[in-house]
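First comes the structure, then the notes that go with it.
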Amino acid sequence: MTKESTFRFLRFGLGFFALLGTLVAVNVLAGKAGVTGETPWSSSPPSTRDAHEGRTVMERNGCFSCHSVDGFGGSIGPVLNGVGRRKTRDELFGWIQSPWSVKPGTRMPQYHLSAESISNIISYLETKDSMQVNE
Ligand code: HEC
């Protein structure tokens with residue numbers, strides 16, 4: 001092998017590995033995006049319809065016997081206006097899905113709501129930010 005061809009061979013090799021590295025990095029990133037993409041709300045942004053459905057799910061499950069929104073409801077649990085600012089979506093999701101796992105002994109009951117119902121509730125609560133509460 002001449003000096004010249006060795007050089008060319010090395011250059012090809014480096015280029016090849018650089019390309020391979022990029023492909024691996026892109027795949028890893030895409031994989032990560034796939035995992036976070038599983039949260040129910042990232043695929044479709046909340047719509048008024050989701051929020052309306054969330055309100056209905058809350059009425060059906062008696063959430064308002066303990067919580068109030070816009071001044072309507074019970075006072076055993078915290079006022080839910082502005083909760084979307086105090087807690088992240090993941091925290092809200094985990095809480096509504098299973099309050100007992102987050103805080104054993106809490107007075108909030110354990111529901112068996114579908115992921116869709118929970119994300120609709122969150123959509124609804126997010127429309128009720130702290131600007132609407134007298135604080
Ligand atoms: C029996 C009363 C009761 C019912 C019914 C109830 N909750 Fe609660 N909830 C509570 C209490 C009490 C807390 C405060 C939790 C704690 O610190 O123990 C709470 C906390 C919360 C929080 C977190 C509030 C914050 O400020 O961090 C959310 C969100 C919530 N509830 C949503 C709901 C939803 C949605 C429903 C209906 C599916 C519901 N709750 C039904 C009593 C209730």
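Here the sequence shown stands for residues 1 to 135, numbered as in our numbering.
We treat Cβ as the ideally placed atom computed from N, Cα and C, and that holds for glycine.
Residue state for residue 98 is assigned as coil, using DSSP reduced to three classes. Nearest in C-alpha terms to residue 57, of all of 88, 11, 96, 101, is 96. Within 10 angstroms of the beta-carbon of residue 50 lie 16 or more other beta-carbons, which makes it buried. Taking a 10 Å sphere around the C-beta of residue 83, we find 16 or more other C-beta atoms and assign the residue as buried. Rounded to the nearest whole angstrom, the CA to CA distance from residue 109 to residue 128 is 22 Å. Annotated three-state conformation of residue 54 is helix, per DSSP. DSSP places residue 83 in the uninterrupted alpha helix (DSSP H) bounded by 83 to 86. Counting only residues of its own chain and dropping the five nearest sequence neighbours on each side, residue 76 has a CB closer than 7 Å to the CB of 66, 107. Judged by the Cβ position, residue 128 fails to qualify as a neighbour of ligand 1 at the 7 Å threshold, every heavy atom of the ligand being at least this far. Taken atom to atom, the span from the alpha-carbon of residue 120 to that of residue 52 is near 8 Å. Cβ-Cβ distances below 6 Å link residue 79 to 68 in the same chain, with the five nearest sequence neighbours on each side left out; the list follows chain order.
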